[in-house]
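Peer 1: The numbering of the sequence shown is the UniProt record's numbering, which starts it at 1 and goes up by one. Virtual Cβ for every residue (Gly too), placed ideally from N, Cα, C. Because the structure is a prediction, the values reported are computed rather than measured. The structure is given below, and queries will be raised subsequently.
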Amino acid sequence: MDILLFSTLFILRLVIRIYMFVMWGRFILDWVRVFNPAFRPRGPLLVLVELVYTLTDPPIRMFRRILPPIRLGQISLDLGWILTMLACIILLAFIPVPR
1 MDILLFSTLF ILRLVIRIYM FVMWGRFILD WVRVFNPAFR PRGPLLVLVE LVYTLTDPPI
61 RMFRRILPPI RLGQISLDLG WILTMLACII LLAFIPVPR
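Below, the structure is given as structure tokens:
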């Protein structure tokens with residue numbers, strides 16, 4: 001296999017995997033905000049939180065526009081995060097593993 005193609009596929013898969021870790025960070029931050037609404041990050045943590053939200057907001061908002069949150073009585077089920085993770089998993093499945 002050509003080294004350029006190998007490198008491109010490897011880097012693309014690596015970027016998607018890193019993005020999935022960032023998505024898990026977003027998941028954790030959202031739950032921290034649910035359990036502690038007074039949570040306000042400061043210093044370096046503020047920069048990290050802003051980076052996580054900046055990277056993850058565009059695809060989550062796109063999926064929210066396509067499929068708005070589902071109301072279940074007092075609860076609203078937002079599928080944006082789940083659909084974004086599912087899209088990452090599907091992308092990883094279609095990108096061949098370089099060997």
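Taking the alpha-carbon positions, what's the Q74 to L29 distance?
Peer 2: Taking the sequence shown and counting its residues from 1, one reaches residue 74 at position 74. Taking the sequence shown and counting its residues from 1, one reaches residue 29 at position 29. Taking the straight line from one Cα to the other gives about 22 Å.
Peer 1: Give me the Cα-Cα distance between R99 and L83, rounded to the nearest whole angstrom.
Peer 2: For the purposes of this step, residue 99 is identified with residue 99 of the sequence shown, where counting begins at 1. For the purposes of this step, residue 83 is identified with residue 83 of the sequence shown, where counting begins at 1. Their Cα atoms are separated by approximately 29 Å.
Peer 1: Counting Cβ pairs, one atom from each stretch, are 3 or more of them under 8 Å apart for the segment 41-57 and the segment 17-25?
Peer 2: Taking 8 Å as the limit for Cβ pairs, the verdict is that the segment 17-25 does touch the segment 41-57.
Peer 1: With respect to the alpha helix (DSSP H) encompassing L5, which residues constitute its N-terminal and C-terminal limits?
Peer 2: The residue you call residue 5 lines up with position 5 of the sequence shown. L5 -> alpha helix (DSSP H) spans 3-35.
Peer 1: Going by C-alpha distance, which of D2, F10, I3 is nearest R96?
Peer 2: Position 96 of the sequence shown, counted from the start, is the residue given in the question as residue 96. Sequence inspection shows Pro at residue 96; the Arg mentioned does not correspond to that position. Nearest C-alpha to P96: F10.
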